[in-house]
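To start, the structure itself, in structure tokens.
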Amino acid sequence: MTLLQPASRAEPVDATDTTRALLLAAVDRALVTHRPSPVSPAVDEVWALLGDTARGGKHLRGSTLVEIHTALGGSHPDAAASLAAATEILHAGFLVQDDVLDHDVVRRGRPNLAARTAATARSAGAGDAAAAAWAEGAGILAGDLAISTAWAEVALLPEGACRTAVVRLLADTVRETVCGELGDLALQHGLDAESPRARTVVARAKTARYTFTWPLVAGALLADADDDVLLTLRRAADELGLAYQLTDDVAGAFGPGVPSDLREGKQTTLIGLATGHRAWAGVAELLGDPSLDTEGAARIRAALLTSGAVDATADRVRTALRESRSLGRRAGGAAVVVCRLADRVEALLEDTLATRVAPVRGAEMSG
Numbered sequence: 001m002t003l004l005q006p007a008s009r010a011e012p013v014d015a016t017d018t019t020r021a022l023l024l025a026a027v028d029r030a031l032v033t034h035r036p037s038p039v040s041p042a043v044d045e046v047w048a049l050l051g052d053t054a055r056g057g058k059h060l061r062g063s064t065l066v067e068i069h070t071a072l073g074g075s076h077p078d079a080a081a082s083l084a085a086a087t088e089i090l091h092a093g094f095l096v097q098d099d100v101l102d103h104d105v106v107r108r109g110r111p112n113l114a115a116r117t118a119a120t121a122r123s124a125g126a127g128d129a130a131a132a133a134w135a136e137g138a139g140i141l142a143g144d145l146a147i148s149t150a151w152a153e154v155a156l157l158p159e160g161a162c163r164t165a166v167v168r169l170l171a172d173t174v175r176e177t178v179c180g181e182l183g184d185l186a187l188q189h190g191l192d193a194e195s196p197r198a199r200t201v202v203a204r205a206k207t208a209r210y211t212f213t214w215p216l217v218a219g220a221l222l223a224d225a226d227d228d229v230l231l232t233l234r235r236a237a238d239e240l241g242l243a244y245q246l247t248d249d250v251a252g253a254f255g256p257g258v259p260s261d262l263r264e265g266k267q268t269t270l271i272g273l274a275t276g277h278r279a280w281a282g283v284a285e286l287l288g289d290p291s292l293d294t295e296g297a298a299r300i301r302a303a304l305l306t307s308g309a310v311d312a313t314a315d316r317v318r319t320a321l322r323e324s325r326s327l328g329r330r331a332g333g334a335a336v337v338v339c340r341l342a343d344r345v346e347a348l349l350e351d352t353l354a355t356r357v358a359p360v361r362g363a364e365m366s367g
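Residue numbers for the sequence shown follow the UniProt record's numbering, so the first one is 1 and each next one is one higher.
Take a look at the structure:
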């Protein structure tokens, strides 16, 4: 594992203070309840770092679950909080494994689990190779710990049809998210044929399923929503997830320094829309170059702008958000939550365009 500079990601807005406090208390309870048996100080360190990851961030997914349960008239606030905690711990597990895959060492502006475990290993006398190997293994296994902890928390739900449905949903969520990541890697390394459809399928699987489908549908199941509402929420989640992933693709390509998306050669929809344009021909070989420098990254960004790929991606985001709002309005009391999520993603897109893309566009025009 090579410890290089990370991609910088756009983040959704904060959950409300009340929901955030509820979530953090539930996460803390879950971390205490499911703490692993003592094995070694190293395991204790990994568990503590995993907890830090679960407590951090904006808590979009957990807050969505609580909010949809409330909006649909649910009467199980403690169970909703428990599922929200499982959601944030699951998210933490996916994040630490994603950092391993992307060779990133910073998460949310701070050294991530991989970086901190590597530092601990070096301070204990390990060489760089041993510290890197430990950090990589710790990241993978910490993710496994988080996923198993999410399962354990869900298993605490009272027995009944709802628990069975939620367990099945969690199984589908984990399976499809992992398959989406595998598909992303396959595209990145040229193992699958690239196509707009393939990129869309990957984006929906790796992002929509656990960022939107899981919290919206799990919260609705807990509120005993009917099948029509559940189906509508699944369809809205697909559109929200696509919009969110496409926005993240733009944020990743236009992050500071040398973003890992460019260094690793991620075959995103953004890249696909640039491919074939004459501006892209001059920089195509730079994408995925492990030695990519800031000058090369700047050339790639310029080609993405010149090709029109950024504007086309933004248009696709707005189209998906319009569809998500339309679907949300058919979901009864869930409409306010779905439309609020669409507003959040749209605000995220506009912020990304204003703070990351516009300065690059302005520099290109003045140059």
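Positions of the beta carbon are idealized from the N, C-alpha and C atoms, including for glycine. Computed from a predicted structure; not experimentally measured.
Option nearest residue i by Cα separation, candidates the options
i           : options            : result
residue 100 : 90, 91, 88, 113    : 113
residue 257 : 190, 97, 298       : 298
residue 346 : 217, 52, 304, 325  : 325
residue 149 : 19, 36, 79, 133    : 36
residue 90  : 51, 121, 73        : 51
residue 120 : 60, 42, 161        : 42
residue 222 : 34, 26, 76         : 76
residue 291 : 317, 314, 305, 264 : 264
residue 251 : 126, 357, 38       : 357
residue 343 : 303, 322, 45       : 322
residue 238 : 309, 206, 253      : 206
residue 296 : 320, 319, 310, 254 : 254
residue 28  : 69, 68, 86         : 86
residue 377 : 70, 275, 140       : What is shown of the chain runs 1 to 367, which leaves residue 377 out entirely.
residue 33  : 39, 47, 40         : 47
residue 309 : 63, 74, 277        : 277
residue 79  : 352, 348, 102, 224 : 224
residue 289 : 193, 189, 245      : 189
residue 348 : 281, 363, 245, 364 : 245
residue 137 : 124, 166, 151, 115 : 115
Cβ-Cβ distance between residue i and residue j below 7 angstroms
i           : j           : result
residue 153 : residue 82  : yes
residue 209 : residue 247 : no
residue 197 : residue 241 : no
residue 312 : residue 273 : yes
residue 98  : residue 260 : no
residue 338 : residue 171 : no
residue 54  : residue 88  : yes
residue 132 : residue 96  : no
residue 307 : residue 331 : no
residue 84  : residue 30  : no
residue 117 : residue 135 : yes
residue 59  : residue 23  : yes
residue 243 : residue 317 : yes
residue 270 : residue 249 : yes
residue 169 : residue 163 : no
residue 327 : residue 300 : no
residue 305 : residue 340 : no
residue 56  : residue 122 : no
residue 72  : residue 333 : yes
residue 202 : residue 184 : yes
residue 182 : residue 267 : no
residue 220 : residue 231 : no
residue 215 : residue 20  : no
residue 283 : residue 314 : no
residue 199 : residue 213 : no
residue 329 : residue 335 : yes
Extent of the continuous alpha helix (DSSP H) run through residue i
i           : result
residue 323 : 309 to 328
residue 268 : Here residue 268 belongs to no alpha helix (DSSP H), and DSSP marks it neither H nor E.
residue 291 : Careful: residue 291 lies outside any alpha helix (DSSP H) and carries neither H nor E.
residue 279 : 278 to 281
residue 348 : 335 to 352
residue 362 : 358 to 366
residue 258 : Note, residue 258: premise wrong, no alpha helix (DSSP H); not H, not E.
residue 150 : 128 to 154
For residue i: DSSP bridge partner residues
i           : result
residue 106 : 111
heavy atom of the ligand FMN below 6 angstroms from residue i C-beta
i           : result
residue 238 : Among the components of this structure there are no ligands whatsoever, and the ligand FMN is therefore not found.
Alpha helix (DSSP H) segments (min. 4 residues) lying fully within the stretch 59 to 100: 60 to 71
4 or more residues per run - each alpha helix (DSSP H) lying fully within the stretch 169 to 237: 196 to 203, 214 to 222
Runs of alpha helix (DSSP H) lying entirely within the stretch 9 to 59, each at least 4 residues, in chain order: 17 to 33, 41 to 55
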